[in-house]
Amino acid sequence: MESVISCSSSGPRRSTGSSSIGSTGRGSEPVDRETGADVARRRRPPVIVGAGLKMYLGHWETLDWLGEVARVAEGHPGLRRGSVELFVLPSFPTLVHAVRTLSRLGVGVGAQDLFWEDAGPYTGEVSGAELAELGCSFVEVGHLERRTYFGETDDTVSAKTAAAFRNRLTPIICVGESSPRAPDDAAEECVRQLDNAFRQSRRAGRLSSALVAYEPHWAIGAAAAADPGYIRTVCAALKSALQADEALRGSRVMYGGSAGPGLLTEISGAADGLFLGRASHDPVGLEAVLDEATALTTH
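If you count the sequence shown from 1, you need to add 10 to reach my numbering.
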């Protein structure tokens, strides 16, 4: 957070030797003292909320949606205060509009994919270098659908993660187990995937902060999210793995997979935020999650 120093047009004002904090003297207004709870809230990391549109909305629908997100963001207390952060991942053709519409409001914009090279004869691909030029801050890698429909492997994810870091984009690395199992076993599998995602970047000495989206494959598109206790176990293991590497200690872990309103409260403290899919396609649902995140940071 930035520190603000109050200055007059003629330079910094010198102290007269007396403080106005808590003063009730004549000619001065009382100033509320900051409580321990206030300090704790100020130091608490912001809750992060992400919204991925996949390919559900058409071009004009997406532009309308971005306008609604801008309306929500402009007056939302959590976003204005910095206790909540929001990023969106719309379709490639709408990225320029998204950056122009949302960046001024502090909303991050990212892409749903990138290629592992920065330039070359790669028909139909989009590079991290171009995404950075557009003003993107994030890029998603490793989603189940990319693995299922396009044959992406751990090596692919590692190469794309390296491309993101190389172009100063924050990778949103998706990890998840294929089927329900003992929570400790799920955690082991997800940590393995995460370690593989960082392999090329670690070798190149380019590791930096990332976002990790824990999305159990069996919960994507399901009627309900995974059990809160299950989520807690896996997210705790992912956080521990990130903390073990000094270069990754600024990283955060989100939960995705049929996430929606109410889930943040149930897993409070386990994850640093939510990665939303369908629940964010209606701006009302997205606003409800932002409201919930704000409420959690004010208690």
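By construction, the Cβ of each residue, glycine as well, lies at the ideal position given by its N, Cα and C atoms. These numbers come from a predicted model, not from an experiment.
Of the residues Pro293, Gly130, Thr304 and Glu162, the one placed nearest aspartate 282, counting alpha carbons only:
The shortest Cα separation from aspartate 282 among Pro293, Gly130, Thr304 and Glu162 belongs to Thr304.
Residues of its chain near tyrosine 132, where Cβ-Cβ distance is below 6 Å and the 5 sequence neighbours each way are ignored:
Phe125
Curious, which full-length alpha helix (DSSP H) runs of at least 4 residues does the region 114-190 contain?
138-144, 154-160 and 164-176
Helix, strand or coil for arginine 262 per DSSP?
strand
Using the C-alpha atoms, what's the distance from histidine 86 back to glycine 35?
Residue confidence for glycine 35 is low, a pLDDT of 41 falling below 50, so the modelled location carries little weight; the figure read from the coordinates is stated next. Looking at the two C-alpha atoms, the distance is approximately 36 Å.
Identify whether phenylalanine 285 lies in helix, strand or coil by the three-state DSSP scheme.
Here phenylalanine 285 sits in strand by DSSP.
Pick from Ile230, Gly68 and Ala257 that is closest to serine 211, judged by C-alpha positions
Ala257
Considering only the beta carbon of each residue, do valine 79 and proline 293 sit closer than 8 Å?
yes
Exposed or buried, what is serine 268 when buried is set at 16 or more other beta-carbons lying within 10 Å of its beta-carbon?
buried
Per DSSP, what kind of secondary structure is alanine 197 in: helix, strand or coil?
helix
For leucine 306, which residues from the same chain have a beta carbon less than 8 Å from its beta carbon, with the 5 sequence-adjacent residues on both sides left out?
Val57, Leu274, Thr275 and Ser278
What's the C-alpha gap between glutamate 143 and glutamate 199?
Taking the straight line joining both Cα atoms gives about 35 Å.
Which word fits tryptophan 70, buried or exposed, when buried means at least 16 other C-beta atoms lie within 10 angstroms of its C-beta?
exposed
Express the C-alpha separation of histidine 107 and serine 101 in angstroms, rounding to a whole number.
11 Å
Using a 10 Å radius around the Cβ and a threshold of 16 neighbouring Cβ atoms, would you call phenylalanine 175 buried or exposed?
buried
Is the beta carbon of valine 109 sitting closer than 8 Å to the one on leucine 286?
no
Check whether the Cβ atoms of threonine 180 and leucine 221 lie closer than 8 Å to each other.
yes
Under the three-state DSSP convention, the category tyrosine 240 falls into
The answer is helix: DSSP assigns tyrosine 240 an H, G or I state.
Starting from glutamate 225, trace the alpha helix (DSSP H) both ways and give me its first and last residue.
Premise fails: glutamate 225 is in no alpha helix (DSSP H) and is neither H nor E.
Classify leucine 73 as helix, strand or coil using the three-state DSSP reduction.
DSSP places leucine 73 in the helix class (H, G or I) of the three-state scheme.
List the endpoints of the continuous alpha helix (DSSP H) containing alanine 305.
293-307
Report the CB separation of tyrosine 120 from serine 147 in whole angstroms; it is logged as a contact under 8 Å.
Tyrosine is not the amino acid found at residue 120; the sequence shown has glycine there. The Cβ separation is near 6 Å, so the contact holds.
Report all residues from its chain with a CB closer than 6 Å to the CB of glutamate 135; omit the five preceding and five following residues, and keep chain order.
Phe125
I need the straight-line Cα distance from isoleucine 31 to tyrosine 265, nearest angstrom please.
In this prediction, isoleucine 31 has a pLDDT of 31, which is less than 50 and means its spatial position is unreliable; nothing more can be read from the coordinates.
Under the three-state DSSP convention, the category serine 219 falls into:
Serine 219 falls in the coil class under three-state DSSP.
How many angstroms separate the CA atom of leucine 300 from the CA atom of aspartate 74?
Rounded to whole angstroms, leucine 300 to aspartate 74 spans 19 Å at the Cα level.
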